[in-house]
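Let me begin by presenting the structure, written as structure tokens, before commenting on it.
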Amino acid sequence: MKIMAQMAMVMNLDKCIGCHTCSVTCKQAWTNRAGTEYVWFNNVETRPGLGYPRTYEDQETWEGGWVRKSNGRLTLKAGGRWKKLATIFSNPKLPSIEDYYEPWTYDYATLLNSPSTSTFPVAKPKSLISGKQMNITWSANWDDDLGGSREHAAKDPMLKGIEDKVKFEFEQTFMFYLPRICEHCLNPSCAASCPSGAIYKRSEDGIVLVDQDKCRGWRMCVSGCPYKKVYFNHKTGKAEKCTFCYPRIEVGIPTVCAETCVGRLRYIGLMLYDADRVLEAASVENDHDLYEAQRSVFLDPNDPEVAREAERAGIPLDWIEAAKKSPVRRLIQDYKVALPLHPEYRTMPMVWYIPPLSPVVDVVRDTGHDAEDKGNLFAAIEALRIPVEYLANLFTAGDVGPVNDVLRKLAAMRSFMRDINLGGDPDESIAEAVGMDAESMYEMFRLLAIAKYEDRYVIPTAHVEQAHGLEELATECPVDFDYEPTTGVFGEGSGDLTPVAVENFRMLEERQQSDQLVGGGSKRGRVNLLNWDGKGAPRGLFPHRKKQDQ
Amino acid sequence: MSTFLWVIFPYICLAVFVVGHWWRYRYDKFGWTTRSSQLYESRLLRWGSPLFHFGLLGVVGGHIIGLLIPQTWTDAVGISETAYHWVAVIGGMISGIMVMVGLVILIYRRRTVGPVFSATTPMDKTMYFFLALVIVLGMWNTIASSIFGLGGSEGHSFNYRESVSVWFRQIFYGQPDASLMTDVPFGFQLHALVAFFLFALWPFTRLVHVFSAPVGYITRPYIVYRTKDEREGTGVGSRAPGRGWERVQ
Chain V
1 MKIMAQMAMV MNLDKCIGCH TCSVTCKQAW TNRAGTEYVW FNNVETRPGL GYPRTYEDQE
61 TWEGGWVRKS NGRLTLKAGG RWKKLATIFS NPKLPSIEDY YEPWTYDYAT LLNSPSTSTF
121 PVAKPKSLIS GKQMNITWSA NWDDDLGGSR EHAAKDPMLK GIEDKVKFEF EQTFMFYLPR
181 ICEHCLNPSC AASCPSGAIY KRSEDGIVLV DQDKCRGWRM CVSGCPYKKV YFNHKTGKAE
241 KCTFCYPRIE VGIPTVCAET CVGRLRYIGL MLYDADRVLE AASVENDHDL YEAQRSVFLD
301 PNDPEVAREA ERAGIPLDWI EAAKKSPVRR LIQDYKVALP LHPEYRTMPM VWYIPPLSPV
361 VDVVRDTGHD AEDKGNLFAA IEALRIPVEY LANLFTAGDV GPVNDVLRKL AAMRSFMRDI
421 NLGGDPDESI AEAVGMDAES MYEMFRLLAI AKYEDRYVIP TAHVEQAHGL EELATECPVD
481 FDYEPTTGVF GEGSGDLTPV AVENFRMLEE RQQSDQLVGG GSKRGRVNLL NWDGKGAPRG
541 LFPHRKKQDQ
Chain G
1 MSTFLWVIFP YICLAVFVVG HWWRYRYDKF GWTTRSSQLY ESRLLRWGSP LFHFGLLGVV
61 GGHIIGLLIP QTWTDAVGIS ETAYHWVAVI GGMISGIMVM VGLVILIYRR RTVGPVFSAT
121 TPMDKTMYFF LALVIVLGMW NTIASSIFGL GGSEGHSFNY RESVSVWFRQ IFYGQPDASL
181 MTDVPFGFQL HALVAFFLFA LWPFTRLVHV FSAPVGYITR PYIVYRTKDE REGTGVGSRA
241 PGRGWERVQ
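Residue numbers (the UniProt record's numbering), protein chains in the order written: chain V, 1 to 550; chain G, 1 to 249.
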């Protein structure tokens, strides 16, 4: 047994209103730079829908993740090590920028410099890739809220096998939002695909990161990740991915996406697992068994045996305590209401989802029946096969059993709490009908509905004695760093890195002390808007003007 | 003059090559990348890049055989000059044509595809010029000497293994004999000089990615684990701790 700790997340999809706040704050924090315009570490997809990049879930096309060979061993779907090296000169499975979208900005100068005219001046879109005028034909959320879904959502790879039924009932179709970040998998296929060995899993907390100094831009990780959550920065020539906001996690605060989530639907906590059993669990024969196999890898920190072993493995005591209190562990292991996204990719993802009951509730309510009665809801879950099958395609490799169980639990909780809220006695039989007791059902309700900040996020800090030296912490003296808003000798991105905190500090100082309008300066092509006050144009926001334009 | 060209100049270039790489690796790991442009365009790249790179592997292999293995060795195992010559010419022509075709596709792509062209730095353009020059000269030497018999005598084509190869090996022994190169055909002379200049340019271009060829991928475990404070000398943060502030083990 080799016990390791993993920082994990659960998202309660019933609560997601699709406001994209998580995406926007994440982008501001991490990918507001040249070269990462199209990069969304966090994105929110409308389902049924194509996702981002388009149809990324169709692994027959993209060949991400792992497959089980006939001898029971796992291999990368896109081919083993030799094939990867043989195709290194031109990656055959790399999504092109059109599969994401061509990022653009607007020619705002036309508006600002326009003389007084009888018609409104128009700011034309300009491509951030070629710098030329372009027509906007797609973006990260083109099919948001089922926009154009007759055309687009019908191509959702997850509708395979049930597309007729969904199309047939399109007027009353179900819809929900799926926020996605990197899954920080236990068996990451991006890391396995990286020829340079630049992608690594941190042994302390399992966060999967790209070493920017070791990455050589072979782009195999982009193809290897079945979730398409590794992106290629086309300016620096390096791969970038969601970092689980490790500089925040290290000091015990939640990721930016979780912190700013309006619906408060994200939960962050630790999971203890047996690293020796990961490969075995990822190699079970039947796709439908993968969900339970992954659950079986997790260890219960409340078991004194496990706690002792964890301590022996060097996991600090406060981490073991945090694992006991982890909301993520409770949702995955105790209540069994959270499910992994696409276990069939066999990467053992660690961002799990509570599937939404609301499509079912909506249907029951629309028919005029009591949508908080467990009988009605149970019957509806049975009857509404299409949403359940669709959810099963997302979360359990198509096995409707676990999805049914979760939805029944959520439905039971609904009617159980209705009784209590109306002043009645809690009806134990409702909880028993889904294999729970009244107390744990109430606890589950508290965790799902009214959990406070410290209940939703149980994040042990990285060790206090290391705090000063932690990466990107602003505890360093900013005077120690040079801050020159120039590009390095070898173009954008070369040379030593300046921590973001220091860069912000310098920019603020520059603006406060300068007599002129100054924008947010930028080294290496980064457009830093973190403390831009709208005066002047941040350096790098617009491309350099050519001489003839001036 | 010949001492400068065939002794001093190669050593300067090799010194820049070695020190330059050390310096670049020390100070610009973040800039050390292939700078791939596949995201912008992959239809032309899918043909051009493998043709060019695989061809180039053949070319490099041919140069290793031709320059590093002395003729006495191949004679010793009974490979006649004629047999060697034809293997070299045929192998060289195949790889050379692959490289040329690939190069033409790649340069066409770089020039005509807008996003790719705008991602091209002045250093890239300089490098492309010299790289193409070396390749064209090498191709010319192969064709001119072996097929048109340029620089050859008495029905034999020019045998670079008696002059150029010897001189090349002598550079690494530390005693290059400049007189070996003075009578070599002009095309060979130019090819060697431009190649050495390309070596000097190498560490400052994207060519550094050659030294990142991920051969370790074959043997390393699929999943890499790292702890936060593993990297030597860097302590737990992104910078090395100040002297006297290292962590107590």
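Heads up, the beta-carbon is just placed ideally off N, CA and C, and yes, glycines get one too.
Listed by chain order, chain V residues near residue i by CB distance under 9 Å
i: residue 218 of chain G; result: 81, 82, 85
i: residue 84 of chain G; result: Simply none; closest approach about 29 Å.
i: residue 274 of chain G; result: With chain G running from 1 to 249 in the structure shown, residue 274 of chain G is simply not present.
i: residue 40 of chain G; result: 96, 97, 129, 130, 234
Span of the beta strand (DSSP E), counted from its first residue to its last, around residue i
i: residue 200 of chain V; result: 199–202
i: residue 232 of chain V; result: 230–233
i: residue 12 of chain V; result: 3–12
i: residue 244 of chain V; result: From DSSP, residue 244 of chain V is part of no beta strand (DSSP E); its letter is neither H nor E.
i: residue 50 of chain G; result: It is not in any beta strand (DSSP E) - residue 50 of chain G instead sits in the alpha helix (DSSP H) that spans 43–63.
i: residue 267 of chain V; result: 266–274
i: residue 22 of chain G; result: Residue 22 of chain G -> not in any beta strand (DSSP E); alpha helix (DSSP H) instead, spanning 9–27.
i: residue 46 of chain V; result: 43–47
i: residue 101 of chain G; result: Careful: residue 101 of chain G lies outside any beta strand (DSSP E), inside the alpha helix (DSSP H) at 81–112.
i: residue 167 of chain G; result: Residue 167 of chain G -> not in any beta strand (DSSP E); alpha helix (DSSP H) instead, spanning 164–173.
Within chain V, the residues that residue i reaches when beta carbons sit closer than 8 Å
i: residue 129 of chain G; result: What residue 129 of chain G touches in chain V: nothing, since even the nearest Cβ is about 18 Å away.
i: residue 202 of chain G; result: Ordered by position in chain V, no residue passes the 8 Å Cβ test against residue 202 of chain G, which lies about 13 Å from the chain.
i: residue 46 of chain G; result: 90, 92
i: residue 34 of chain G; result: 216, 217, 218, 237
i: residue 118 of chain G; result: 130, 131
Under 9 Å from the C-beta of residue i: neighbouring residues of chain G
i: residue 228 of chain V; result: Chain G residues near residue 228 of chain V: none, gap ~13 Å exceeds 9 Å.
Contact list for residue i against chain G, beta-carbon separation under 8 Å
i: residue 89 of chain V; result: 49, 50, 52, 53, 54
i: residue 187 of chain V; result: 223
i: residue 132 of chain V; result: 114
Span of the alpha helix (DSSP H), counted from its first residue to its last, around residue i
i: residue 72 of chain G; result: 71–76
i: residue 227 of chain V; result: It is not in any alpha helix (DSSP H) - residue 227 of chain V carries neither H nor E in the DSSP assignment.
i: residue 21 of chain V; result: 21–30
i: residue 180 of chain V; result: Unbroken run through residue 180 of chain V is the beta strand (DSSP E), 176–180; no alpha helix (DSSP H).
i: residue 76 of chain V; result: First-last for residue 76 of chain V: 74–76, but that is the beta strand (DSSP E), not the alpha helix (DSSP H).
i: residue 209 of chain V; result: Counting along the chain, residue 209 of chain V falls outside any alpha helix (DSSP H), though it belongs to the beta strand (DSSP E) covering 208–210.
Contact list for residue i against chain V, beta-carbon separation under 7 Å
i: residue 29 of chain G; result: 213
i: residue 145 of chain G; result: Residues of chain V passing the Cβ test: none, with the nearest at roughly 30 Å.
Near the ligand SAM: residue i beta-carbon under 6 Å from a heavy atom
i: residue 132 of chain V; result: Among the components of this structure there are no ligands whatsoever, and the ligand SAM is therefore not found.
Per-residue contacts from residue i into chain G (C-beta, under 7 Å)
i: residue 195 of chain V; result: 214, 217
i: residue 192 of chain V; result: 222, 223
Taking beta-carbon pairs under 9 Å, can you tell me which members of the region 151–162 of chain V lie near chain G? none
Listed from N- to C-terminal order along the chain, which residues in the region 204–217 of chain G have their beta-carbon within a distance smaller than 7 Å of any beta-carbon of chain V? 209, 212, 214, 216, 217
With 7 Å as the C-beta to C-beta threshold (strictly closer), list the residues of the region 239–255 of chain V near chain G in chain order. none
Should the region 336–352 of chain V be regarded as contacting the region 292–300 of chain V, the criterion being three or more beta carbon pairs within less than 8 Å? yes
Between the region 201–211 of chain V and the region 176–193 of chain V, do at least 3 Cβ pairs fall closer than 8 Å? yes
Quick check on the DSSP output: what are the complete alpha helix (DSSP H) runs of length 4 or more inside the region 312–384 of chain V, in order along the chain? 317–325, 358–366, 374–383
Contacting positions in the region 319–333 of chain V - beta carbon closer than 7 Å to chain G: none
Would you list, in sequence order, the uninterrupted alpha helix (DSSP H) runs of no fewer than 4 residues that lie entirely inside the region 179–209 of chain G? 179–182, 186–201
Touch check for the region 153–160 of chain V and the region 37–51 of chain V: three-plus C-beta pairs under 8 Å? yes
With three or more beta-carbon pairs closer than 8 Å as the criterion, would you say the region 254–274 of chain V touches the region 86–104 of chain V? no
Pairs of beta-carbons, one from the region 176–194 of chain G and one from the region 66–84 of chain G, closer than 8 Å: are there three or more? no
Against chain G: residues of the region 212–223 of chain V by CB proximity under 8 Å: 212, 213, 214, 215, 216, 217, 218, 219
For the region 90–135 of chain V, list the alpha helix (DSSP H) runs that are entirely contained and at least 4 residues long, ordered along the chain. 97–100, 108–112
Touch test, the region 71–78 of chain G against the region 266–276 of chain V, Cβ-Cβ under 8 Å, three pairs minimum: no
Under 7 Å (Cβ pairs) to chain G, residues found in the region 282–300 of chain V: none
Count Cβ pairs between the region 51–58 of chain G and the region 102–110 of chain V that sit closer than 8 Å; are there 3 or more? no
On the three-pair Cβ rule with 8 Å, is the region 106–121 of chain G touching the region 128–146 of chain V? yes
Is it a yes or a no for the region 80–92 of chain V touching the region 206–225 of chain G, going by three-plus beta-carbon pairs under 8 Å? yes
Please list the residues of the region 93–113 of chain V that have a C-beta atom closer than 7 Å to any C-beta atom in chain G, keeping them in chain order. 94, 96, 97
Three or more C-beta pairs closer than 8 Å, one from the region 376–389 of chain V and one from the region 406–422 of chain V: is that the case here? yes
The region 16–35 of chain G in contact with the region 192–209 of chain G per 3-pair CB rule at 8 Å: yes
Is the region 189–197 of chain G touching the region 126–137 of chain G, taking contact as three or more C-beta pairs under 8 Å? yes
Specify whether the region 313–321 of chain V and the region 352–360 of chain V touch according to this definition: at least 3 beta carbon pairs, one from each stretch, less than 8 Å apart. no
Contacting positions in the region 27–46 of chain V - beta carbon closer than 7 Å to chain G: none
Closer than 8 Å is the cut-off here; do at least three beta carbon pairs connect the region 87–97 of chain G with the region 22–40 of chain G? no
Any 3 or more C-beta pairs closer than 8 Å across the region 34–52 of chain G and the region 107–114 of chain G: yes
Is there contact here, the region 38–48 of chain V with the region 69–77 of chain V, by at least three beta-carbon pairs under 8 Å? no
When you compare the region 241–254 of chain V with the region 451–459 of chain V, are there three or more beta-carbon pairs, one atom per stretch, that lie closer than 8 Å? yes
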